[in-house]
Structure formats: C-alpha cells, structure tokens
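Chemist:
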Ligand SMILES: Cc1ncc(COP(=O)(O)O)c(C=O)c1O
Ligand SMILES: Cc1ncc(COP(=O)(O)O)c(C=O)c1O
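Chains as they are written, first to last, in UniProt numbering: chain X, 1 to 361; chain G, 1 to 361.
1) Does residue 144 of chain X get closer than 8 Å to chain B when you measure Cβ to Cβ?
2) Where does residue 133 of chain X fall in DSSP's three states?
3) For residue 360 of chain X, which three-state DSSP category applies?
4) Beta-carbon of residue 211 of chain G versus every beta-carbon of chain X: anything under 8 Å?
5) Decide yes or no for the touch test of the segment 53-64 of chain G against the segment 77-93 of chain G: beta carbon pairs closer than 8 Å, at least 3 of them.
6) Report the residues of the segment 55-69 of chain X with a CB closer than 8 Å to any CB of chain G, ordered along the chain.
7) Please classify residue 351 of chain G as buried or exposed, where buried requires at least 16 other C-beta atoms within 10 Å of its C-beta.
8) Consider the C-beta atom of residue 133 of chain G and the heavy atoms of ligand 1; say whether any pair is separated by less than 7 Å.
9) By a C-beta neighbour count over all protein chains shown, 10 Å radius and 16 as the cutoff for buried, is residue 7 of chain G buried or exposed?
10) Please determine whether the Cβ atom of residue 246 of chain G lies at a distance below 7 Å from any heavy atom of ligand 2.
11) Can you tell which of G/198, G/209, G/193 has its C-alpha closest to the C-alpha of residue 223 of chain G?
12) Exposed or buried, which one is residue 55 of chain X when buried takes at least 16 other CB atoms within 10 Å?
13) Cβ-heavy atom distance between residue 237 of chain X and ligand 1 below 7 Å?
14) 8 Å is my cut-off, CB to CB: does residue 73 of chain X come that close to chain G?
15) Looking only at its own chain, which residues have a Cβ that is under 7 Å from the Cβ of residue 38 of chain X, when we skip the five neighbours before and after it?
16) Check each candidate in X/36, X/50, X/43 and name the one with the smallest Cα separation from residue 28 of chain X.
17) So, does the CB of residue 155 of chain G fall closer than 8 Å to a CB anywhere in chain X?
18) Tell me, please, whether the CB atom of residue 338 of chain G is closer than 8 Å to any CB atom in chain X?
19) Using C-beta distances below 7 Å, list every residue in its chain close to residue 148 of chain X, excluding the 5 sequence neighbours before and after it, in chain order.
20) Give the DSSP-derived three-state secondary structure of residue 252 of chain G in the structure shown.
21) List the endpoints of the continuous beta strand (DSSP E) containing residue 102 of chain X.
22) Using a Cβ-Cβ cutoff of less than 8 Å, which residues in the same chain neighbour residue 214 of chain X once the five nearest sequence positions on both sides are dropped?
23) What is the rounded straight-line gap between the Cα of residue 362 of chain X and the Cα of residue 188 of chain G?
24) Report the CB separation of residue 34 of chain G from residue 117 of chain G in whole angstroms; it is logged as a contact under 8 Å.
25) Return yes when at least one heavy atom of ligand 2 lies under 7 Å from the C-beta of residue 261 of chain G, else no.
26) Kindly list, in the order they appear in chain G, the residues whose Cβ is closer than 8 Å to that of residue 300 of chain X.
27) In its own chain, which residues sit with a C-beta less than 6 Å from the C-beta of residue 141 of chain X, not counting the 5 before and 5 after it?
28) Have a look at the DSSP bridge pairing and note the partners of residue 276 of chain X.
29) Considering only residues of the same chain and omitting the five flanking positions on each side of residue 293 of chain X, which have a CB-CB separation below 7 Å?
30) Taking 8 Å as the cut-off, does the segment 317-325 of chain G touch the segment 282-299 of chain G (at least 3 CB pairs, one atom from each stretch)?
31) Checking contacts by CB at 8 Å: is residue 360 of chain G closer than that to chain X?
32) Does the CB of residue 94 of chain G have a neighbour CB from chain X at under 8 Å?
33) Distance, Cα to Cα, residue 278 of chain G vs residue 9 of chain G?
34) Hey, out of X/72, X/236, X/128, X/208, whose CA is closest to residue 307 of chain X's CA?
35) Closest to residue 19 of chain G by CA distance: which of G/134, G/270, G/201 is it?
36) Give me the Cα-Cα distance between residue 268 of chain X and residue 330 of chain X, rounded to the nearest whole angstrom.
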C-alpha cells in the first residue's frame, strides 16, 4: 500500500499535563492517526487528524458484536533526545494476528508502522522524559458498519492514539499481591485468549474487581479446562524463578504472546540464565515454595515492563516470595529492558527502532 | 427510579422500507431510547430521541476493553391491531445478569420496560404486519469513559433501537445444514458464555465464516473442556427429539439461557410431551441417529423462533435428519409460539404483554 498520509492541523494545541502526575492512559495528545476500511476501497483515507470525538451509528456492529482489537507499545526519548520504539514490528504482526482471529481485514504492517512513526514525530513534544515515563501508543481497530445480523462487519476504523504515561504501577518497582483465581477464567484453547481483543478484558473485570476489593493488585489466571495450570496475569505474562531456573507458561493458544515475555526469554538466554517455557501447574509453584526453592515471581508486559510479585494467594493459602523484596533477576531484567528502551544501554538484539533524524527538545 | 422520559422530536420522518424485503437488522426506525450513566448521577437523562449517529471519544473504553452487552426481543402487531411484547421481563432480567457479569451498573428493569413500551408506542407504525415479521427491539449498553487503564468504566450509555424485520432465515421454516465445530469454541464455564456480551459474538465469527464457506448455515458449538458435549447454535439453543423425548443441553454456565428455550420447555410440558434438560454428548446424538431414533433437531431463539436442522456434520460424518423435512414437534412449537406472539392463539401462560390502549393502524 503506497498511500499518502494527509495531515489535518488543529487550531489550538492542548496544555500538556504535569509530567509528575501522568498516571496511565488518562491524557491524550493533540493528534491521532486514522484510517478506514470498506469493501470497495479496502483500507483507505489514512490521515493524521486532531484527537477528538467522532460519530458512530447506534447500530455500529462493535457495540453489539464486539469486533475490536488493539495493540500497546511505547515511544521513548533517549538521553540525547533521540526518539525510539521498542520492537514495534512485533506489535504490528500481533495486530494482524488479532485481525485474523476476529475476521477483521489485514492491515499493511509496514505502512502502519510508518504512520505511527509520522504521528510520533508530529507529537514528539508529548514524549515525557524521566524514569519510567514514555509515550504510550495505542493502535486499535473496530467494526463500524450499522447492521444487526451476526457476521463480520464490512466496515472498520483504525485509530492510533497517544497517551503520555508514568510508570504503570506507580513510580517504584514494588512487589504486588496477586490472587490466583479459581472460579472465573480468562480464556480457553479454541477461543480468543491468544490475541488482543476487547472482549478478553471485559470478561476479566469481574474477577479483577473482586480481587481488588480483597486487597490484591492483580489476578493470576489458571487454565479453563482443569483450573490447574498457570496462564498469565491481567496484562502481563508471568515468570517464576525456581532453584535458579526461570520458568514461564508456554504459548498454548490461550495466553497472549507478550513482546516483553519474548524479550525476557532472549535476555536470559543471552545471559546464560536457564529459562524454560513449559506447562506449569500452580501446585508445582506452591510446592517449590514449600521446598524453599521459589526465589522470584514477576510479571512482564509493556505497561509495567517487569512487575515483581511479593505474595501469591491460592486456595486459601498465601505465600510470601523473596521476603516481598525485588528479586535479583527481576531487577536485572527491568534495568536491562528499560536501559535498552531509553538508550542508556547498548542494544545487542536490534530491538530499538530509532525514528530517523528527529531530535526532540 | 421515577424519571420522566423526555421526547425530542425529529423534523422529518424516514420513508418506511418495503415490508417484503425487510431482512434482519438492516433498517432502523425514526427514534431511539437513550439513557446515560455516570458515578455522580447513576442512570440519568432518559429520553426518546431521533435515531442518529452520536459522538464517541477515541479513548472510550468500549473500543478497547469491550464492556458491551445487549438484548433482543420483538414487538408484534396482532390481527386486531393490538401491539404486544413477548415475555419482556425475561429480557430485562437477563440484561441485568449480563450487566452484573460485565461489571456494568444495574438498570431499573421496570423503568426500562416502561421506556421500551413508550418507544414502541411512538414507533407503532414501524411494526410490520405479516407472516414472520415483527419489530425487533435491541436494548444495549456500552462503556463510554475515555480511559486506557483496564478496569470497569465509570460511564455508560444505554440505547434501545428498533428494526422492522422479516423472518430471520427467510420466509419459510426450511431445515438448515449445521456444522459441529471441533476446533474453535464459543465459551467455557467461568467465562461469559451465559450472558449476552459483544465479545461472545466476535469470538464466534471465525468458525461461522469457515462453516459458511463450506456450505453450512450455522455452527453447533461443543463444550470447551472436553469438546464432547453439545452447547448451542450461533444465536439459538438446540433441541433434539430422540425416540419421542425432547432433550436439550442443561444450563451449565456456558450457554445462554434463551427465552425461546424456556418457552419451548414450558409448552412441551403443557402438552405432556417428555422433555429433559441434561448434559448431552454429540456422540449420543449420532448414536441415536444410527439407531434410527433421532427424529427431529431444531434451534430455538427470538430471531428465528424455531429453526429446523436438516443435516448435521461432525468429525467428517454427515447425518440427515427427518429426511430434511420439518418435524412435527418443530412445526407445532413454531405455530404455537408465533400464534401466541401474534395473538391468533390463546396465551395460557401469560407470556404476552399488551401495550395498553394503543391500536396501531
Ligand atoms: C493479557 C495480556 N497478557 C500479556 C501482556 C503482555 O504483552 P506485552 O509484553 O506485549 O505488552 C498483555 C499486554 O499488554 C496483555 O494484555
Ligand atoms: C448465543 C445465543 N444463544 C441462544 C439465544 C436464544 O435466546 P432467546 O431465545 O432469548 O432469543 C441467543 C439469542 O438471541 C443467543 O445469542
């Protein structure tokens, strides 16, 4: 697809939020990228336009039958002012995997990445600079055709919005309490758990809400068939360090193949730290703790990067991990990944994509 | 909740579509009901307004995290011009069950039903009259708060739109070919299959699309844990007549408790026809056919009422049911339910709700 991206300027720019109280996903930049799909023209009308509300039909299919998928990645400002993205090709690829599962027409990955680069360049002053901050990039696609029959929509909208963000779990890498869920489930083989579709998150809120009421930060999901095998956390994949070895649930068709998960595995291999993707039961984890071998537990995801787990509750039993302290490997991974993302460490993997020739102030 | 429903008149009414080519879900009436939710005011601002596009924020949570639920019921015009609804309290109740599972604030069921009645009265000229036609009523709720963190939204919109509809599967009760799905699944215990949320339908499209490409009208879903037990069809529950007895999957937490399913069961009991809600494996069904005991198979749902199944394909084997003819019980149920809905038969169950004192032309 060779299409020019139109630029529609807005009259007045917004006041930028205080960089110290960004939070996550609360503020949106001045512009967004927009592209539409219909059967006649395919994906068309790519443009960078002011971030602002748009019109939807009451019968638009997304409200009824939920074809909606998204991605999440970040733009970082390095010490010398260079802007870079972290493994964005993987997000573009996963976006198309999500499209495929949800019967949404494929996008041109190279073109969308180019559009994102252009949008980030336009919005470079929105990239915060400081420990744990970044410009969160949210590409998403949803069905827009007004029709009430159940079938894939014939019309879609793709938007990319930008949100300057602080650290997801507050400013410090502080271990969280996690509840191992036994009643509700997130996903099952043959379903949509392995892709980033809106319905997965809607389905997860009830258990998450109950867990929060009981003082837990997050849910650890078990598999839906046997309620036995560890899957993942709210918006992170999960790792366990048992007797020196890192273990993480294998990609089994119901968990999301996280970009951070993949980066963690590659880093561990690079460091010659043993790491294994396997089916792992929650029983094994508690047994390892019993033996004194459960050394670290942490989540891995774009928003939080690495999120240490200090306590796990399952079936009425709570275990404390590593004295509620940040583990050595957790910290090393966090430092390495954020270091590469922020350009303060070398990138031996070619993970970062510099946005050419732009120096932000 | 005692709130007045505001009425906002539109300048010009639409031209009504040809009653012979209505199809399903293609046309929308002149007005819709609208109500909003926020934390300060709860559900507020109920109004009947012109059906027309409205503004949404790009960051509105429904596009990202999919909190969206709906209902589907119909208004009928009887021979003497009375307008009636069919068991609408059950849809109101199920709407709230869906809200509960999706962390959406409860609505006042009585008030919403009152609002629907008022809307249908305003739009009475949109109710088509004729075999298999009706005014389809679609209440739905979705999250509107602009926020990218994963948690229940603090703002929602409820809309009720109306769509004059012909018979869902064409004009005749004609037996369809159904594919028993073994790879994809619709829902699992602990998930959201027992409520009407948008994501269920998005997740079902891929299998449905493949089935259609192979010449099947619908999917019959099996359970997600063992891929063995019958669940339901696209938007219908399923019944089997085996050796004189009607059998339907029991409500197991992953299938939708259909209003039509319940009506079918009550009618059969009223007629003293044996009916059983139970766990039923697809193997049993094929074995019953082998023994010559599988007499009828049909789907039951608001859109199609009763939809006879003429052929089932599972695991490479196809069986023809009742010579691809409409079964006796299927036809009797269809006639009874539509007769009650259209007022041509007596309603011994108190299922119909007349909309008081309004005679449509
Ligand atoms: C359900 C789920 N699991 C895992 C992850 C981690 O994936 P990534 O590392 O690509 O951000 C995410 C999201 O961001 C997620 O939503
Ligand atoms: C998944 C599903 N199952 C069954 C049904 C049948 O339910 P009802 O008879 O209430 O229309 C429907 C819907 O309409 C449905 O969407």
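C-beta: ideal position from N, C-alpha, C; glycine also.
In this text, all values refer to a predicted model and were calculated from it rather than measured experimentally.
Modeler: If we stick to the structure as given:
1) Looking for chain B here will not work: the only protein chains present are X and G.
2) Secondary structure of residue 133 of chain X (DSSP, three-state): coil.
3) The pLDDT assigned to residue 360 of chain X is 47, lower than 50, so where the model puts this residue is not dependable; a value taken from the coordinates is nonetheless given after this. In the structure shown, residue 360 of chain X sits in coil (DSSP, three-state: anything other than H, G, I, E or B).
4) Chain X, which has no Cβ nearer than 8 Å to the Cβ of residue 211 of chain G, makes this no.
5) Per the Cβ contact rule, the segment 53-64 of chain G is not in contact with the segment 77-93 of chain G (fewer than 3 Cβ pairs under 8 Å).
6) Of all residues in the segment 55-69 of chain X, the ones placed with a Cβ closer than 8 Å to any Cβ belonging to chain G are 55, 56, 57, 58, 59, 62, 63, 64, 65, 66, 67, 68, in chain order.
7) In summary, residue 351 of chain G is buried, with 16 or more beta-carbon neighbours lying within 10 Å of its beta-carbon over all protein chains present.
8) In this structure, residue 133 of chain G has its beta carbon at no less than 7 Å from each heavy atom of ligand 1.
9) In the assembly as shown, residue 7 of chain G is an exposed residue. Its beta-carbon has fewer than 16 other beta-carbons within 10 Å.
10) Outside the cutoff, so no.
11) Ranking the options by Cα distance to residue 223 of chain G, first place goes to G/193.
12) Residue 55 of chain X is exposed by the Cβ-count criterion.
13) A heavy atom of ligand 1 is found nearer than 7 Å to the CB of residue 237 of chain X.
14) No, its Cβ sits nowhere closer than 8 Å to a Cβ of chain G.
15) Contacts found: 154, 155.
16) Ranked by Cα distance from residue 28 of chain X, the options X/36, X/50, X/43 are led by X/50.
17) Cβ-Cβ to chain X under 8 Å: no for residue 155 of chain G.
18) So, not an interface residue.
19) Cβ-Cβ distances below 7 Å link residue 148 of chain X to 59, 64 in the same chain, with the five nearest sequence neighbours on each side left out; the list follows chain order.
20) In this structure, residue 252 of chain G counts as coil in the three-state DSSP scheme.
21) Boundaries cannot be given for residue 102 of chain X, as no beta strand (DSSP E) includes it and DSSP labels it neither H nor E.
22) Excluding the 5 residues flanking it on each side, residue 214 of chain X has same chain C-beta neighbours closer than 8 Å at 179, in chain order.
23) Residue 362 of chain X is absent from the model: chain X starts at 1 and stops at 361.
24) Contact flag wrong, Cβ pair sits at about 16 Å.
25) Yes, ligand 2 has a heavy atom inside 7 Å of this Cβ.
26) Below the 8 Å Cβ cutoff, chain G contributes no neighbours of residue 300 of chain X, its closest Cβ being approximately 16 Å away.
27) Spatial neighbours of residue 141 of chain X in its own chain (CB-CB distance under 6 Å, excluding positions within 5 residues in sequence) are listed in chain order as 69, 104, 156, 158.
28) According to the DSSP secondary-structure assignment, residue 276 of chain X is paired through a beta bridge with X/247.
29) Cβ within range, chain order: 242, 243.
30) By the Cβ criterion, the segment 282-299 of chain G is in contact with the segment 317-325 of chain G, since at least three pairs of Cβ atoms, one from each stretch, lie closer than 8 Å.
31) Confidence in residue 360 of chain G is poor, its pLDDT being 47 and thus under 50, which makes the residue's placement too unreliable to answer from.
32) For residue 94 of chain G, the answer is no, since every Cβ of chain X falls outside 8 Å of its Cβ.
33) Answer to the nearest angstrom: the Cα atoms are 50 Å apart.
34) Here the closest residue by C-alpha is X/236.
35) Answer by Cα proximity: G/134.
36) Linking residue 268 of chain X to residue 330 of chain X through their CA atoms gives a straight-line distance of about 11 Å.
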